[in-house]
Amino acid sequence: MSRLFNIVAIPAIATLLATGGFLAFLFATGRLDADRVAQIGAVLRGEFDDRSKNGEGGDSAPTSAPASMTAPAASAEEIRRTRVAEQIQRATLERAAADIAARQNLLNLAMQNLIQMQETFEKSKADWREQQRKLSDAVRDEGFKRELQYVERLNPKMAKEHVLRTWRKQKADAVRLFVALPPAKGQRILEQFTSQEDVGVMHELLEQLRLAGANEYAEGSGRTAGDAQP
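For what it's worth, the numbering used here labels the leading residue of the sequence shown as 757, then goes sequentially.
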């Protein structure tokens, strides 16, 4: 996750540093001040050309006014230099805006890649968990088959001790074992339950076997009834 975070964080930090450095350079060299900030806003709003035209085409002094009251007209060279400066300034601002937009697009692309990688990671993790569950179930089933084979080969007394220990740890496993045992082998094991405590365990074990058989019968009856329906 830290590598994914770096993919997004590095372009974002680089964008902020580049933009801040560019603005600091403009302020330090005197190319950017309060008036030019206002002009930048006017350029971005499309108002700069209108204000320039209004300034150039404003009310002019009457031709009949005395020469001492008229302001000296700007020379053609000064007008040209002003327009060139405005064009350069506008081009600089447009390049800066394009650079910021490009960095924003890069950041958006990095975010999309991060989301896709996160989704892929979550899917892989879910698949891995499912595989582990299936493997665990298969191993558990194989282990139960081995246990059943060993218990069938044990003498009834030793098998009884194993059943008792299993019952004390996990009653469901003991019931499952007895369900899978051949009836003759199970009977020989139950005959070893002679003490009062053993008889209590045997009674509860047989009751659990009866309930398990009833549940299986009910499920089988439900399936049969469902199959019989048209």
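By construction, the Cβ of each residue, glycine as well, lies at the ideal position given by its N, Cα and C atoms.
Buried or exposed: residue i, going by 16 or more other Cβ atoms within 10 Å of its Cβ?
i: Leu987; result: Since the first and last residues shown for the chain are 757 and 986, residue 987 lies out of range.
i: Ile945; result: buried
i: Trp923; result: buried
i: Gly942; result: buried
i: Leu920; result: buried
i: Leu961; result: buried
i: Val907; result: buried
i: Ala930; result: buried
i: Val935; result: exposed
i: Val957; result: buried
i: Ala940; result: exposed
i: Lys901; result: exposed
i: Lys925; result: exposed
i: Glu850; result: exposed
Out of curiosity, what's the CA-to-CA distance linking residue i and residue j?
i: Ala928; j: Thr950; result: 22 Å
i: Ala858; j: Gln887; result: 43 Å
i: Ile769; j: Ile796; result: 24 Å
i: Arg889; j: Ala882; result: 11 Å
i: Ala854; j: Ala794; result: 19 Å
i: Val840; j: Leu865; result: 37 Å
i: Lys879; j: Met867; result: 18 Å
i: Glu842; j: Ser831; result: 17 Å
i: Glu833; j: Gln845; result: 18 Å
i: His959; j: Phe877; result: 52 Å
i: Thr838; j: Asp791; result: 15 Å
i: Arg909; j: Trp884; result: 38 Å
i: Arg836; j: Ile871; result: 52 Å
i: Arg966; j: Ala915; result: 21 Å
i: Glu953; j: Ala968; result: 23 Å
i: Gly899; j: Leu937; result: 15 Å
i: Asp897; j: Gln905; result: 13 Å
i: Glu917; j: Val955; result: 13 Å
i: Trp863; j: Ala798; result: Here residue 863 is Leu; the residue named in the question, Trp, does not match the sequence. Spanning the two alpha carbons is a distance of roughly 28 Å.
In three-state DSSP terms, what is residue i?
i: Glu917; result: helix
i: Gln860; result: helix
i: Gln948; result: coil
i: Ser831; result: coil
i: Asn869; result: helix
i: Thr785; result: coil
i: Leu937; result: coil
i: Gln926; result: coil
i: Leu849; result: helix
i: Leu1023; result: No information on residue 1023 is available, as it lies outside the stretch 757 to 986 that the chain covers here.
Please check the pair residue i and residue j, which I expect to be a contact at CB under 8 Å, by giving their CB distance rounded to whole angstroms.
i: Pro912; j: Gln874; result: Rounded, the Cβ-Cβ distance is 59 Å, inconsistent with contact.
i: Thr775; j: Ile856; result: 6 Å
i: Phe778; j: Ala852; result: 6 Å
Say whether chain C places a C-beta atom closer than 8 Å to the C-beta of residue i.
i: Ile945; result: No chain C is present in this structure, which holds just one protein chain.
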